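*Asks:* My questions all concern the structure below.
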Amino acid sequence: PVEAAVEKVFMHRNADSAIKLGQARGVAVVAARRAGLTIAEYSATQIKRTVVGRGHADKKQVQYMVKLLLGLEERPEPDAADALAAAICHSHMREGLAKLAFAGGTR
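Just add 439 to the spot in the sequence shown (first one is 1) and you have the working numbering.
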């Protein structure tokens, strides 16, 4: 891989969970940087909107759409679905940016 996509951390109700998530995310970002990867960050709302079409979709909706979009036989576990959804979001964003860059370059 040459790129990685990660979800931005936000704190909703549980500060302890946000701290643990931030630590795990930090390890992932450091590992990706040390491997020379470019890192893109997306909010949970942006990822869900890209994959499901609704920014406040629930976990089961994300799992279902990831299964459908990737042609999987079974729904992925929630954490795996979230990771795959971030990758799908990044792919869509890169495609959109590439189209914009191409359109801008033809003028």
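Even glycine gets a Cβ: it sits at the ideal position worked out from N, Cα and C. Note that this is a predicted model, so its numbers are computed, not measured.
Less than 8 Å between the CB atoms is what I'm expecting for V501 and A525, so what's the real figure, rounded?
*Replies:* The pair is not a contact, with the Cβ atoms about 10 Å apart (cut-off 8 Å).
*Asks:* Could you say which of A479, P440 and S456 lies nearest to K447 if we only look at CA atoms?
*Replies:* Taking only the C-alpha atoms, the option nearest K447 is A479.
*Asks:* State the start and end residues of the unbroken alpha helix (DSSP H) segment that holds A463.
*Replies:* Segment A454 to R473, the alpha helix (DSSP H) holding A463.
*Asks:* Compare the Cα-Cα distances from A443 to each of A454, N453, S456 and A474 and report the closest residue.
*Replies:* For the residues A454, N453, S456 and A474, the minimum Cα distance to A443 belongs to A474.
*Asks:* Using the C-alpha atoms, what's the distance from L460 back to K487?
*Replies:* Their Cα atoms are separated by approximately 18 Å.
*Asks:* Since V627 contacts V469 with CB under 8 Å, what's their CB separation in whole angstroms?
*Replies:* Given that the chain is displayed from residue 440 to residue 546, the structure contains no residue 627 and the question cannot be resolved.
*Asks:* By DSSP's criteria, I478 is part of a beta bridge. Which residues make up the other side?
*Replies:* Its beta-bridge partners are A443.
*Asks:* Where do the N-terminal and C-terminal ends of the alpha helix (DSSP H) with L507 fall, by residue?
*Replies:* Residues K498 to L509.
*Asks:* Using the Cα positions of K506 and K498, report the straight-line distance between them to the nearest angstrom.
*Replies:* Cα-Cα distance, rounded: 12 Å.
*Asks:* Going by Cα to Cα distance, which pick from A483, E534 and R493 is closest to D518?
*Replies:* Ranking A483, E534 and R493 by Cα distance to D518 puts A483 first.
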